[in-house]
Amino acid sequence: MASKIKKIGVLTSGGDSPGMNAAIRSVVRTCAYLKIECVGIYRGYQGMIEGDFKTFDARSVNNIINKGGTILKSARCEEFRTKEGRKKAHDQLVKEGIDAFVVIGGNGSFTGALMFNDEYGFPVMGIPGTIDNDILGSSYTLGFDTAINTVVDAIDKIRDTASSHNRLFFVEVMGRDVGHIALNAGVGAGAEEILIPEQNLGLERLLESLKRSKASGKSSSIVIVAEGDKTGKNVFELKEYVEEHLPIYDVRVSVLGHMQRGGNPTCFDRVLASRMGVKAVESLLEGKSNQMVGIRDTKMVLTPLAEAIKAHTEIDEELIRVSDIMTT
Ligand code: F6P
Numbered sequence: 001m002a003s004k005i006k007k008i009g010v011l012t013s014g015g016d017s018p019g020m021n022a023a024i025r026s027v028v029r030t031c032a033y034l035k036i037e038c039v040g041i042y043r044g045y046q047g048m049i050e051g052d053f054k055t056f057d058a059r060s061v062n063n064i065i066n067k068g069g070t071i072l073k074s075a076r077c078e079e080f081r082t083k084e085g086r087k088k089a090h091d092q093l094v095k096e097g098i099d100a101f102v103v104i105g106g107n108g109s110f111t112g113a114l115m116f117n118d119e120y121g122f123p124v125m126g127i128p129g130t131i132d133n134d135i136l137g138s139s140y141t142l143g144f145d146t147a148i149n150t151v152v153d154a155i156d157k158i159r160d161t162a163s164s165h166n167r168l169f170f171v172e173v174m175g176r177d178v179g180h181i182a183l184n185a186g187v188g189a190g191a192e193e194i195l196i197p198e199q200n201l202g203l204e205r206l207l208e209s210l211k212r213s214k215a216s217g218k219s220s221s222i223v224i225v226a227e228g229d230k231t232g233k234n235v236f237e238l239k240e241y242v243e244e245h246l247p248i249y250d251v252r253v254s255v256l257g258h259m260q261r262g263g264n265p266t267c268f269d270r271v272l273a274s275r276m277g278v279k280a281v282e283s284l285l286e287g288k289s290n291q292m293v294g295i296r297d298t299k300m301v302l303t304p305l306a307e308a309i310k311a312h313t314e315i316d317e318e319l320i321r322v323s324d325i326m327t328t
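Reading the sequence shown from the start, the letters are residues 1 to 328 in UniProt numbering.
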């Protein structure tokens with residue numbers, strides 16, 4: 001039976017992440033391939049509410065696969081959290097003749113999509129786009145791979161100067177409430193200690209580990225601190241704490257910040273985005289809705305949005321063990 005869906009909208013919502021453009025491109029080109037109309041929705045749900053739409057064809061997305069950020073712009077929209085806001089958005093979609101939409105974003109964006117579907121029975125499909133890698137149902141979110149490579153690159157550079165001056169660096173990385181960026185980039189960059197929210201071993205253990213590190217002959221050290229870590233101290237307070245208790249260390253702090261969200265996506269993220277876009281459009285045309293596209297064991301899979309937003313993905317315990325062994 002032919003699908004009732006003839007026009008699909010695509011938007012990016014929440015914090016941007018590298019690979020979002022590649023996913024937009026994939027959605028647009030899949031629609032073109034399947035002879036479905038495609039509309040770009042600007043500024044996330046805010047643009048949906050205001051009818052900020054533009055018809056896209058295959059050529060509208062030339063030369064964006066390699067670009068960070070999102071050509072559609074992104075926003076965290078308060079108005080869409082209200083019934084009135086969602087009503088305005090629905091009116092705009094109906095006016096434009098849009099039959100379904102693909103939202104590229106994180107938990108908040110998916111929660112909005114679910115509420116919208118609940119109220120209007122409107123077909124929605126999610127693509128997980130966030131550097132945090134915290135969404136249940138996909139081993140990787142779009143932008144995570146690029147972000148950890150950006151962090152590793154930055155830490156390699158910090159290590160050069162740390163080593164020249166025999167210094168200890170606290171490097172704060174993003175990740176909101178989870179430690180996936182910290183743990184993966186920490187292992188990849190050879191950090192001495194990695195402080196993540198999922199595992200608070202306390203400040204005593206940090207001091208012990210730094211003492212051991214000095215005694216074993218290491219002259220410089222890198223400690224990665226996830227922004228959501230639970231030591232109760234931010235990176236600057238950690239610096240003061242260590243300087244007070246271990247004056248042998250000359251300590252510096254580096255907060256990597258939003259540079260982790262920018263930059264050209266890695267090949268991994270571009271391929272993942274391309275696969276996710278195809279799966280999202282095909283799934284909508286098969287009559288599926290309220291699902292998120294993800295990757296597990298190299299295969300594309302769907303997870304109900306209601307499941308995806310329930311909890312964060314768990315930290316990889318085996319990788320924590322590897323990290324412990326590597327810091328011997
Ligand atoms: O969710 C992505 C993320 O970059 C988090 O890692 C970080 O905590 C947050 O967004 C920062 O948000 P904003 O760009 O609004 O400051």
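Glycine included, every Cβ here is placed at the ideal spot set by N, Cα and C.
So, helix, strand or coil for P299, using DSSP? Taking the sequence shown and counting its residues from 1, the one referred to as residue 299 is at position 299. Going by the sequence as given, residue 299 is Lys instead of Pro. In this structure, K299 counts as strand in the three-state DSSP scheme.
For T150, three-class secondary structure by DSSP: Here residue 150 corresponds to residue number 150 of the sequence shown, with the count starting at 1. Helix, per DSSP.
May I ask you to report which of helix, strand or coil DSSP gives E227? Indexing the sequence shown from 1 puts residue 227 at position 227. Reduced to three states, the DSSP call for E227 is coil.
Run through the DSSP bridge pairs and tell me what T55 is partnered with. On the sequence shown, position 55 is the one that residue 55 refers to. Paired residue(s): V39.
Who are R252's beta bridge partners in DSSP? As a first step, residue 252 is located in the sequence shown; it is residue number 252 there, counting from the start. Answer is F169.
Buried or exposed: R43, going by 16 or more other Cβ atoms within 10 Å of its Cβ? What you label residue 43 is simply residue 43 of the sequence shown in a count that begins at 1. Classification for R43: buried.
Go through the segment 182-211 residue by residue and report every complete run of the beta strand (DSSP E) that reaches 3 residues or more, in order. 193-195
Comparing alpha-carbon positions, which option in L305, P265 and L285 lies nearest N66? Locating residue 66 in the sequence shown gives position 66, where the first residue counts as 1. For the residues L305, P265 and L285, the minimum Cα distance to N66 belongs to P265.
Just verifying my parser: in three-state terms, what is the DSSP assignment at K157? On the sequence shown, position 157 is the one that residue 157 refers to. Of the three classes helix, strand and coil, the one that applies to K157 here is helix, per DSSP.
Rounded straight-line distance, which links the Cα of I222 to that of E243: Here the question's residue 243 lines up with position 243 in the sequence shown. Here the question's residue 222 lines up with position 222 in the sequence shown. Spanning the two alpha carbons is a distance of roughly 15 Å.
Assuming the contact rule is C-beta atoms closer than 8 Å, S109 and I295 should be a hit. Round their C-beta distance to whole Å, please. On the sequence shown, residue 109 is found 109 positions in, with the first residue counted as 1. On the sequence shown, residue 295 is found 295 positions in, with the first residue counted as 1. Contact flag wrong, Cβ pair sits at about 18 Å.
Note down the Cα distance separating A189 from D160, rounded to an integer number of angstroms. Here the question's residue 189 lines up with position 189 in the sequence shown. Here the question's residue 160 lines up with position 160 in the sequence shown. Between A189 and D160, the C-alpha separation is close to 12 Å.
Rounded Cβ spacing between V27 and G228 (contact assumed at less than 8 Å): As a working note, residue 27 is residue 27 in the sequence shown. As a working note, residue 228 is residue 228 in the sequence shown. Not really, about 31 Å apart at Cβ, beyond 8 Å.
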